[in-house]
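Below: one structure, written as structure tokens.
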Amino acid sequence: MRKYFVMGLYLIILGAILLGGGVAMHAETTVLWNHGFKISKSVNKTEKLHKFNKIKVDSDAHSVNIETGDKYKIQIDGDELRNSDYYVSDGTLYITGNKFGKYKDIIGISSNNNPQITITVPSGSNLKELNLNMNQLYMNVNGLNIDKLKVSSGAYGSITFTDSVIKNAKNIDLESSYLEFVRSDVENFELNESNNSNITFSEGTIKNSIINTHNVDLDVDKGILDNLTFETDNGHADIKDSTLKGANNFKMKNGSFSADTVDVQGIDLLTVNGNVTYYGESKGKSYQNNPDSDDLLKVQTDNGSIKVNGK
Numbered sequence: 003m004r005k006y007f008v009m010g011l012y013l014i015i016l017g018a019i020l021l022g023g024g025v026a027m028h029a030e031t032t033v034l035w036n037h038g039f040k041i042s043k044s045v046n047k048t049e050k051l052h053k054f055n056k057i058k059v060d061s062d063a064h065s066v067n068i069e070t071g072d073k074y075k076i077q078i079d080g081d082e083l084r085n086s087d088y089y090v091s092d093g094t095l096y097i098t099g100n101k102f103g104k105y106k107d108i109i110g111i112s113s114n115n116n117p118q119i120t121i122t123v124p125s126g127s128n129l130k131e132l133n134l135n136m137n138q139l140y141m142n143v144n145g146l147n148i149d150k151l152k153v154s155s156g157a158y159g160s161i162t163f164t165d166s167v168i169k170n171a172k173n174i175d176l177e178s179s180y181l182e183f184v185r186s187d188v189e190n191f192e193l194n195e196s197n198n199s200n201i202t203f204s205e206g207t208i209k210n211s212i213i214n215t216h217n218v219d220l221d222v223d224k225g226i227l228d229n230l231t232f233e234t235d236n237g238h239a240d241i242k243d244s245t246l247k248g249a250n251n252f253k254m255k256n257g258s259f260s261a262d263t264v265d266v267q268g269i270d271l272l273t274v275n276g277n278v279t280y281y282g283e284s285k286g287k288s289y290q291n292n293p294d295s296d297d298l299l300k301v302q303t304d305n306g307s308i309k310v311n312g313k
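Convert by adding 2 to the 1-based position in the sequence shown; the result is the number in my numbering.
Below, the structure written as structure tokens:
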């Protein structure tokens, strides 16, 4: 036992010496371990890229931003030994796992452990496909036109799209994750078999889309819903200051529905074990108003309340 204690103490002292030397040289930020000590340097580099129209991000790239600019380029800011690899092949930019292998912190003075990756594409360009693994991925996408969005399985991720247009998103899988659309228009969005996640739309449009999940919350603010189907076993839907066009259907087994200051022509509301409230007035288990309208809000819950206030 004493042997292992002495060895552990020796390793800690050695790591501290390495770190102290690195700090004195103003070059190193973190002592890492992978079958031996390594000192990681802090790097911030920008490189031009060959033209591409697809992006694929794997499960080990944890912080990625995509923005528009004047040319194709990539910036990486973070510890050198944690840098992700990247390359362009056949028109696709690949962001892969750590090219130096897996390292574990021993001692560090920087909280910026994983590299911050920023991808720039020329303004007005179009991405044919954005393919993401959601595993602990934190991503911001700004000002892009995307033909196809694919989000594969992975947990504890967060993606925000701002001022973007997405034409097709039929392969979306979320697990304990957050997906946000701000001033963005989304068509043909399909989410299936997802759990413990939240989807938020604000100041944008979601059209011809299906959300069918186990446990997902939906929040819409100042949006336009055009032919949306939302079904969940456990979860809520909250809609504020929005316009509903076409047939918008909500079905929840265990969860509530709330719509405040919404513009819609027809209403069809039904709950099995709950209460329907329309403009602050209790309607019991069901309420209809112009249910044959082309622009219809239809809500059904098994166990949950329904509240609707129009404009």
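All C-beta atoms in this analysis are idealised placements derived from N, C-alpha and C, irrespective of residue type, glycine included.
Exercise. Whose C-beta lies closer than 7 Å to the C-beta of residue 118 among residues of the same chain, with five residues either side of it excluded?
Worked result: 65, 79 and 80
For this session: May I have the straight-line CA-CA distance separating residue 192 from residue 176, to the nearest angstrom?
Result: 11 Å
Problem set entry | C-alpha gap between residue 245 and residue 256, whole angstroms | 25 Å
For this session: State the Cα-Cα distance for the pair residue 77 and residue 93, rounded to the nearest angstrom.
Result: 19 Å
Exercise. Is there contact here, the segment 219-232 with the segment 272-284, by at least three beta-carbon pairs under 8 Å?
Worked result: no
Exercise. If residue 56 sits next to residue 134, beta carbons under 8 Å apart, how far is it from one beta carbon to the other, in whole angstroms?
Worked result: Incorrect: roughly 12 Å between the Cβ atoms, too far for contact.
Exercise. Mapping DSSP to helix, strand and coil, what is residue 289?
Worked result: strand
For this session: Please check the pair residue 178 and residue 160, which I expect to be a contact at CB under 8 Å, by giving their CB distance rounded to whole angstroms.
Result: 10 Å between Cβ atoms; not a contact.
Exercise. Roughly how many whole angstroms lie between the Cα atoms of residue 51 and residue 127?
Worked result: 14 Å
Exercise. With a cut-off of 8 Å, do at least 3 Cβ pairs link the segment 286-297 to the segment 234-242?
Worked result: no
Problem set entry | Supposed contact pair residue 243 and residue 273 - C-beta distance, whole angstroms, cut 8 Å | Contact flag wrong, Cβ pair sits at about 24 Å.
Problem set entry | Contact set for residue 298: own chain, Cβ-Cβ below 6 Å, skip 5 residues either direction | 249 and 268
Exercise. Between the beta-carbon of residue 188 and the beta-carbon of residue 172, is there less than 9 Å?
Worked result: no
For this session: Look at the alpha carbon of residue 315 and the alpha carbon of residue 120, and state the distance between them as a whole number of angstroms.
Result: Examination of residue 315 is not possible in this model, given that the chain is present from 3 through 313 alone.
Exercise. Residue ranges of each beta strand (DSSP E) run of no fewer than 3 residues wholly in the segment 177-264, ordered along the chain?
Worked result: 180-184, 187-189, 191-194, 199-204, 207-215, 218-223, 226-236, 239-247 and 249-256
Problem set entry | Unbroken beta strand (DSSP E) run spanning residue 171, endpoints | 171-174
Problem set entry | Buried or exposed by the 16-neighbour rule on C-beta atoms within 10 Å, applied to residue 294 | exposed
For this session: Closer than 6 Å by C-beta to residue 122: which residues in its own chain qualify, once you throw out the five before and the five after it? Chain order, please.
Result: 69, 71 and 75
For this session: For residue 86, count neighbouring Cβ atoms within 10 angstroms of its own Cβ and tell me buried if that reaches 16, exposed if not.
Result: buried
Problem set entry | Option nearest residue 301 by Cα separation, candidates 284, 312, 258 and 286 | 258
Problem set entry | Contact belief for residue 142 with residue 67 at Cβ below 8 Å, rounded distance in angstroms | 5 Å
Exercise. Do you know offhand how far residue 150's Cα is from residue 131's?
Worked result: 5 Å
Exercise. Where do the ends of the beta strand (DSSP E) carrying residue 151 lie?
Worked result: 151-154
Exercise. For the candidate residues 125, 154 and 61, whose alpha-carbon lies nearest to that of residue 146?
Worked result: 125
Problem set entry | Cβ shell of residue 182 (< 6 Å), same chain only, five flanking positions each side left out | 162 and 202
For this session: Put residue 93 into one of helix, strand or coil per three-state DSSP.
Result: coil
Exercise. Thinking C-alpha only, which one of 205, 247, 90 and 311 is nearest residue 165?
Worked result: 205
Problem set entry | Coarse secondary structure for residue 302, derived from DSSP in three states | strand
Exercise. Apart from the five residues just before and just after residue 61, which ones in its own chain have a Cβ nearer than 7 Å to its Cβ?
Worked result: 135, 137 and 156
For this session: Tell me whether the beta-carbon of residue 218 lies closer than 9 Å to the beta-carbon of residue 196.
Result: yes
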